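**Q** Questions regarding the structure given below will be posed in turn.
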Amino acid sequence: MRVSAAFRLTLSALCGLALVGCVASPQAPRSSPNAPNRPTPAAVAVPQTPPSAASQAVRLHFARVQADLLSNGLLRTDGGGRDTPFTDRMLAENFIRVALYDEYVRGSGGPVQRETPSRLRRWEAPVRVGLHFGASVSASSRATDTARVRSYLARLSRLTGHPIGLSDQAPNFFIYIVNEDERRALGPAVTSALQGLSAGEVAGITNMPLSTYCLVYAMSEGSSGRYTRAFAVIRAEHPDLLRLSCMHEEIAQGLGLANDSPRARPSIFNDDEEFALLTGQDELMLRMLYNPALRTGMAESEARPIIESLARALVGGES
Numbered sequence: 001m002r003v004s005a006a007f008r009l010t011l012s013a014l015c016g017l018a019l020v021g022c023v024a025s026p027q028a029p030r031s032s033p034n035a036p037n038r039p040t041p042a043a044v045a046v047p048q049t050p051p052s053a054a055s056q057a058v059r060l061h062f063a064r065v066q067a068d069l070l071s072n073g074l075l076r077t078d079g080g081g082r083d084t085p086f087t088d089r090m091l092a093e094n095f096i097r098v099a100l101y102d103e104y105v106r107g108s109g110g111p112v113q114r115e116t117p118s119r120l121r122r123w124e125a126p127v128r129v130g131l132h133f134g135a136s137v138s139a140s141s142r143a144t145d146t147a148r149v150r151s152y153l154a155r156l157s158r159l160t161g162h163p164i165g166l167s168d169q170a171p172n173f174f175i176y177i178v179n180e181d182e183r184r185a186l187g188p189a190v191t192s193a194l195q196g197l198s199a200g201e202v203a204g205i206t207n208m209p210l211s212t213y214c215l216v217y218a219m220s221e222g223s224s225g226r227y228t229r230a231f232a233v234i235r236a237e238h239p240d241l242l243r244l245s246c247m248h249e250e251i252a253q254g255l256g257l258a259n260d261s262p263r264a265r266p267s268i269f270n271d272d273e274e275f276a277l278l279t280g281q282d283e284l285m286l287r288m289l290y291n292p293a294l295r296t297g298m299a300e301s302e303a304r305p306i307i308e309s310l311a312r313a314l315v316g317g318e319s
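Just so we're aligned: 260 in this note's numbering is position 260 of the sequence shown, and the numbers increase by one with no gaps anywhere.
This is the structure in structure tokens:
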């Protein structure tokens with residue numbers, strides 16, 4: 001079952017966008033010197049009215065989804081344990097599959113699922129996260145979500161050694177927590193944040209199907225691999241754990257761990273939904289991604305020996 005969808009976009013010299021992969025999913029005080037200067041996205045223009053029948057139906061649907069997943073022993077929050085061992089070789093191969101392959105390619109009507117080789121992408125400018133809520137989100141939920149996102153960003157910053165945090169000043173990674181009705185009004189905010197998206201790609205966000213729990217688009221410049229903008233959407237109707245799971249996956253994938261792999265375990269970068277929150281192996285992959293030994297734009301052939309060396313240093317032992 002697909003929890004999230006995430007997409008990488010490249011910004012060419014002519015400002016054309018090309019989808020280069022999935023960053024499933026939903027990425028600071030200084031902008032990248034090469035990044036275009038764009039206005040902050042517009043606020044979600046939705047009247048403060050009770051949720052529609054459609055939104056209430058979505059809330060009931062995902063309450064059942066979470067209950068079913070939990071009853072099947074999924075959505076684990078322990079980060080992995082003795083039942084999920086992995087070696088340095090497994091870590092290296094999982095990293096290569098997650099960081100150096102894309103799950104989607106760009107099509108005329110929006111993203112098309114097809115795994116393709118990619119290049120290493122990550123942020124070089126500080127990541128300034130702008131957190132936005134729809135009018136349907138209560139004050140108490142806003143406070144809880146803000147605290148969770150702030151804490152998680154601090155954790156990601158420690159793991160990567162990269163500046164990542166909440167900021168109202170010229171954000172470059174936008175997170176919108178909105179309900180069904182509010183998401184359909186996100187078009188202006190999306191096009192302001194990610195200029196160059198086609199009408200079909202914008203519609204893929206505003207008309208997000210029920211099979212997609214949450215998503216993130218991340219934009220990089222040409223073949224440089226430098227991320228400069230990202231936009232994540234999380235359903236406000238999600239029950240507590242699914243909501244937190246979406247935060248963990250979309251933000252981490254928007255940092256550069258773009259793909260999913262059925263072999264990655266324990267990991268949130270796996271469509272089996274076994275783990276809800278960032279795992280121990282995921283933490284190691286984030287440390288590898290932002291290790292200065294790797295460079296943005298690297299292809300697998302160049303990066304592989306470095307990745308294998310980093311994995312041996314992190315895990316140790318023979319594999």
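Cβ atoms here follow ideal geometry from the backbone N, Cα and C, with glycine treated the same way.
Model, not experiment: these values are computed from the prediction.
(1) Name the two residues that bound the continuous beta strand (DSSP E) containing residue 176.
(2) If I measure Cβ to Cβ from residue 293 and keep anything under 6 Å in the same chain, skipping five residues before and after, which residues do I get?
(3) Leaving out five residues on either side along the sequence, give the residues of the same chain with a beta carbon under 7 Å from the beta carbon of residue 152.
(4) For residue 131, name the three-state secondary structure that DSSP assigns.
(5) For residue 310, which of 273, 270, 88 and 179 has the nearest alpha-carbon?
(6) If you drop the 5 nearest sequence neighbours on each side, which residues of the same chain put their C-beta closer than 7 Å to that of residue 313?
(7) My guess is that residue 296 and residue 243 are in contact by the Cβ rule of under 8 Å, so how many angstroms apart are they, rounded?
(8) Tell me, to the nearest whole angstrom, how far the beta carbon of residue 241 is from that of residue 276; I am working on the premise that it is less than 8 Å.
(9) What are the boundary residues of the beta strand (DSSP E) that includes residue 227?
(10) Could you name the residues of the same chain whose beta carbon sits closer than 8 Å to that of residue 300, not counting the 5 residues immediately before and after it, in chain order?
(11) Which same chain residues end up closer than 6 Å to residue 155 when comparing Cβ atoms and leaving out the 5 residues on each side of it in sequence?
(12) Write down the C-beta distance between residue 163 and residue 216 rounded to the nearest angstrom, noting that I regard them as a contact closer than 8 Å.
(13) Within the continuous alpha helix (DSSP H) that includes residue 283, where are the two ends?
(14) How is residue 188 classed by DSSP in three states: helix, strand or coil?
(15) Are the CB atoms of residue 80 and residue 239 within a distance shorter than 8 Å?
(16) According to the Cβ coordinates, are residue 268 and residue 233 closer than 8 Å?
(17) Decide if residue 282 is buried, meaning its Cβ has at least 16 other Cβ atoms within 10 Å, or exposed.
(18) Quick check on the burial criterion: 16 or more other C-beta atoms within 10 angstroms. Buried or exposed for residue 77?
(19) According to the Cβ coordinates, are residue 160 and residue 286 closer than 8 Å?
**A** For this structure:
(1) 173-178
(2) 306
(3) 247, 248 and 251
(4) strand
(5) 88
(6) There are no such residues.
(7) Not a contact, Cβ separation roughly 31 Å.
(8) 6 Å
(9) 226-235
(10) 96, 100 and 117
(11) none
(12) Not confirmed; about 19 Å, so no contact.
(13) 280-289
(14) Residue 188 falls in the helix class under three-state DSSP.
(15) no
(16) no
(17) buried
(18) exposed
(19) Yes, Cβ-Cβ distance for residue 160 and residue 286 is below 8 Å.
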